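Since the structure comes first, as structure tokens, the remarks are kept for the end.
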Amino acid sequence: MLKVSHGFDAGAIETIAADRADDIRVNIRADSHAEFRQWFYFRLQGARGQACRIRFANAGQCTYVDGWQGYRAVASYDRRQWFRVPTSFDGNTLAIAHAPDRDSVWYAYFEPYSWERHLDLI
287 MLKVSHGFDA GAIETIAADR ADDIRVNIRA DSHAEFRQWF YFRLQGARGQ
337 ACRIRFANAG QCTYVDGWQG YRAVASYDRR QWFRVPTSFD GNTLAIAHAP
387 DRDSVWYAYF EPYSWERHLD LI
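Okay, so the sequence shown: first residue is 287 according to the numbering used here, each after it adds one.
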């Protein structure tokens with residue numbers, strides 16, 4: 287069973303559907319108390335070894351649509367080491383294509399610098 291979650295520091299996504307690995311659909315949420323819409327950060331569980339296709343249905347309505355051209359999202363299995371994943375944009379929908387090697391993977395707009403990470407330095 288697939289699970290998309292964002293209930294952690296800096297997590298942000300709206301899940302539309304996560305019934306099939308090849309058709310996960312999400313929306314990018316607007317920032318709190320602002321009209322800016324570009325940031326996403328979420329965890330996908332239960333997809334190990336499956337060819338996942340994550341579609342951001344509202345990417346064409348984001349704040350900096352031109353920023354999606356040539357863009358590649360980041361992913362991590364431990365939230366410390368991040369790597370780029372194949373990402374495409376057709377003018378309306380942003381899509382990540384990735385087959386995770388582990389049961390749990392985080393995806394983000396760019397490498398997050400969360401409050402938890404900040405506290406690790408103190």
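For glycine and all other residues, C-beta sits at the position ideal for the given N, C-alpha and C.
In this text, all values refer to a predicted model and were calculated from it rather than measured experimentally.
Rounded straight-line distance, which links the Cα of residue j to that of residue i
{"i": "Ala361", "j": "Ala394", "result": "6 Å"}
{"i": "Val351", "j": "Asn378", "result": "9 Å"}
{"i": "Gln336", "j": "Asp305", "result": "13 Å"}
{"i": "Asp406", "j": "Tyr399", "result": "11 Å"}
{"i": "His319", "j": "Met287", "result": "34 Å"}
{"i": "Arg388", "j": "Arg323", "result": "29 Å"}
{"i": "Val371", "j": "Ala359", "result": "6 Å"}
{"i": "Tyr357", "j": "Phe375", "result": "8 Å"}
{"i": "Ser291", "j": "Glu300", "result": "9 Å"}
Span of the alpha helix (DSSP H), counted from its first residue to its last, around residue i
{"i": "Leu405", "result": "Trp401 to Leu407"}
Extent of the continuous beta strand (DSSP E) to which residue i belongs
{"i": "Val391", "result": "Ser390 to Ala394"}
{"i": "Tyr350", "result": "No beta strand (DSSP E) holds Tyr350; DSSP gives it neither H nor E."}
{"i": "Phe375", "result": "Thr373 to Phe375"}
{"i": "Asn313", "result": "Ile310 to Asn313"}
Check: residue i C-beta below 7 Å from any heavy atom of the ligand FAD
{"i": "Ala381", "result": "Summarising the ligand content, the structure contains no ligands, and the ligand FAD is consequently not present."}
Buried/exposed call for residue i, threshold 16 Cβ in 10 Å
{"i": "Ile408", "result": "exposed"}
{"i": "Trp392", "result": "buried"}
{"i": "Arg334", "result": "exposed"}
{"i": "Arg366", "result": "exposed"}
{"i": "Phe342", "result": "buried"}
Nonlocal neighbours in the same chain, by C-beta distance under 8 Å from residue i, ignoring five residues either side
{"i": "Cys338", "result": "Ala307, Asp308, Ile310, Leu330, Ile382, Ala383, His384, Ala385 and Pro386"}
Contacts around residue i, its chain only, beta-carbon distance under 7 Å, and the 5 residues preceding and following it disregarded
{"i": "Gly332", "result": "Met287, Leu288, Lys289 and Asp389"}
Close beta carbons around residue i, own chain, < 6 Å, minus the five adjacent residues each side
{"i": "Tyr327", "result": "Ala296, Gly297, Ala298, Ala394 and Pro398"}
{"i": "Trp325", "result": "Ala298 and Tyr395"}
{"i": "Gln347", "result": "none"}
**Message:** Under 8 Å, with one C-beta from each stretch per pair, do the stretch 352–359 and the stretch 305–319 reach the 3-pair mark?
**Reply:** Not touching, per the Cβ criterion.
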